[in-house]
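Visitor: Numbering (UniProt numbering), first residue to last: 1 to 300.
Ideal Cβ placement from N, Cα and C applies to all residues, glycine included.
Note that this is a predicted model, so its numbers are computed, not measured.
Below are the structure tokens for one structure; questions will follow.
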């Protein structure tokens with residue numbers, strides 16, 4: 001019961017966004033863009049500026065990169081053996097590889113582990129954002145157009161302010177740069193508002209997802225990846241990197257989070273099986289009310 005209570009605050013906020021979207025209707029794109037372009041850079045800046053640089057950064061980067069490529073390898077092998085179309089392979093990668101470590105995982109870790117775990121989660125969120133906006137965007141584009149290039153995905157990532165917020169925080173710590181108190185006060189206010197805002201947006205996005213031509217077999221494979229294969233591979237990587245303690249537990253729990261909500265926007269933008277990707281987000285998020293407490297019970 002204790003671990004379910006940790007998850008419930010997040011679901012209450014999701015529910016507020018869900019009900020608000022159903023009853024009132026909001027411009028989700030504008031709210032999402034405000035959170036993405038105006039708020040998350042301040043959260044990333046504060047995290048990287050206020051937390052001393054340690055080997056943890058290298059470990060989290062190594063973990064995220066290895067997990068991403070190993071999961072992609074699983075999808076490629078499965079889709080080749082099963083002779084599944086490239087478009088559906090891209091949808092599997094979007095839904096099965098990229099987890100919602102940001103607007104779902106970060107608050108869960110905050111509720112479960114407190115400030116230190118929260119900082120680990122934000123660092124992983126920034127790295128995941130980079131991977132999703134390069135590798136994820138590349139596969140989304142390739143799923144509908146063979147001409148979509150790595151160069152185009154790199155142009156997109158350099159438009160993402162969260163990356164510059166993280167780099168500014170690192171630079172401020174390395175130089176070091178004295179930051180005026182009034183600026184940090186404003187930064188704290190925006191950073192503290194970021195997570196609740198993106199959680200509300202996720203609730204609104206879930207309210208807009210509809211099932212269309214989605215096959216049970218496809219959803220089943222994605223569920224297998226997100227709830228079993230991803231944490232299993234994460235545990236193997238943790239042992240490979242010889243990680244332990246809170247950092248190891250946080251990374252394993254985040255690896256089992258549901259499908260990232262942003263993948264739905266990519267799938268819709270490039271017409272890469274948008275129904276499958278959207279419905280995967282909905283199903284994995286609903287199922288996480290069972291799977292995430294189990295992960296918390298085991299690894300916290």
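What do you reckon, are the CB atoms on residue 231 and residue 261 nearer than 7 Å?
Guide: Taking 7 Å as the Cβ cut-off, residue 231 and residue 261 do not qualify as a contacting pair.
Visitor: Using DSSP with H/G/I as helix, E/B as strand and the rest coil, what is residue 227?
Guide: Helix at residue 227.
Visitor: Around the C-beta of residue 140, are 16 or more other C-beta atoms found within 10 angstroms, so that it is buried, or is it exposed?
Guide: Buried is the call here.
Visitor: Cα-Cα, which of 200, 274 and 253 is closest to residue 20?
Guide: That would be 200, whose Cα lies nearest to the Cα of residue 20.
Visitor: Does the beta-carbon of residue 54 have 16 or more other beta-carbons within 10 angstroms, so that it is buried, or is it exposed?
Guide: Flag for residue 54 reads exposed.
Visitor: Once the 5 residues before and after residue 240 are set aside, which same chain residues still bring their CB inside 8 Å of it?
Guide: Cβ within range, chain order: 66.
Visitor: Shortest alpha-carbon distance to residue 275 belongs to which of 292, 209 and 289?
Guide: Taking only the C-alpha atoms, the option nearest residue 275 is 209.
Visitor: Starting from residue 259, follow its DSSP beta bridges and name the residues at the other end.
Guide: Paired residue(s): 99.
Visitor: Name the two residues that bound the continuous alpha helix (DSSP H) containing residue 197.
Guide: Element bounds for residue 197: 181 to 207.
Visitor: Only counting the same chain, and skipping five residues up and downstream in sequence, which positions put a Cβ closer than 6 Å to that of residue 218?
Guide: So the qualifying residues of the chain are 276.
Visitor: Which residue comes first and which comes last in the alpha helix (DSSP H) that contains residue 120?
Guide: That run of the alpha helix (DSSP H) goes 105 to 131.
Visitor: Check whether the stretch 16 to 30 touches the stretch 275 to 295, taking contact to mean three or more Cβ pairs, one atom from each stretch, closer than 8 Å.
Guide: As far as the Cβ criterion goes, the stretch 16 to 30 does not touch the stretch 275 to 295, which means the pair count is below three.
Visitor: Under the rule that 16 or more other beta-carbon atoms within 10 Å means buried, what is residue 216, buried or exposed?
Guide: Answer is exposed; the Cβ neighbour count stays below 16.
Visitor: Does DSSP classify residue 160 as helix, strand or coil?
Guide: Three-state result, residue 160: coil.
Visitor: If we call anything under 7 Å between Cβ atoms a contact, is residue 273 one with residue 159?
Guide: No, the Cβ-Cβ distance between residue 273 and residue 159 is not below 7 Å.
Visitor: Leaving aside the five residues before and after residue 48 along the sequence, list all residues of the same chain whose C-beta is less than 6 Å from its C-beta, in chain order.
Guide: These residues qualify, in order along the chain: 166, 169 and 170.
Visitor: Just the C-alpha distance for residue 195 and residue 136, rounded to the nearest angstrom, thanks.
Guide: Computed Cα separation, rounded: 22 Å.
Visitor: Can you find the residues in the same chain that come closer than 7 Å, C-beta to C-beta, to residue 36, ignoring five residues on each side of it along the sequence?
Guide: Around residue 36: no qualifying Cβ.
Visitor: Mapping the DSSP letters down to three states, classify residue 27 as helix, strand or coil.
Guide: In this structure, residue 27 counts as coil in the three-state DSSP scheme.
Visitor: Check residue 178 in the structure and name its three-state DSSP category.
Guide: Reduced to three states, the DSSP call for residue 178 is coil.
Visitor: Among the candidates 61, 186 and 108, whose CA atom is the shortest distance from the CA of residue 12?
Guide: Measuring from the Cα of residue 12, the nearest candidate turns out to be 108.
Visitor: Could you give the residue range of the alpha helix (DSSP H) that holds residue 56?
Guide: From DSSP, the alpha helix (DSSP H) with residue 56 extends over 55 to 81.
Visitor: Excluding the five sequence neighbours on either side, which residues of its own chain have a C-beta within less than 8 Å of the C-beta of residue 76, listed in chain order?
Guide: The answer, listed in chain order, is 89.
Visitor: What three-state label does DSSP hand residue 271 in the structure shown?
Guide: It is coil, neither helix nor strand.
Visitor: Find the nearest neighbour of residue 60 within the set 130, 15, 42 and 187, judged by alpha-carbon distance.
Guide: Measuring from the Cα of residue 60, the nearest candidate turns out to be 130.
Visitor: Quick one: what does DSSP say residue 243 is sitting in, helix, strand or coil?
Guide: Three-state DSSP puts residue 243 in coil, outside helix and strand.
Visitor: Along the alpha helix (DSSP H) that carries residue 34, what are the first and last residues, could you check?
Guide: Counting along the chain, residue 34 falls outside any alpha helix (DSSP H), and DSSP gives it neither H nor E.
Visitor: Of the choices 203, 114, 142 and 33, whose alpha-carbon is the least far from that of residue 282?
Guide: Cα-wise, what sits closest to residue 282 is 203.
Visitor: Hey, how far is the Cα of residue 93 from the Cα of residue 73?
Guide: The straight-line gap from Cα to Cα measures roughly 9 Å.
Visitor: Can you check whether the CB of residue 191 is closer than 7 Å to the CB of residue 43?
Guide: Yes.
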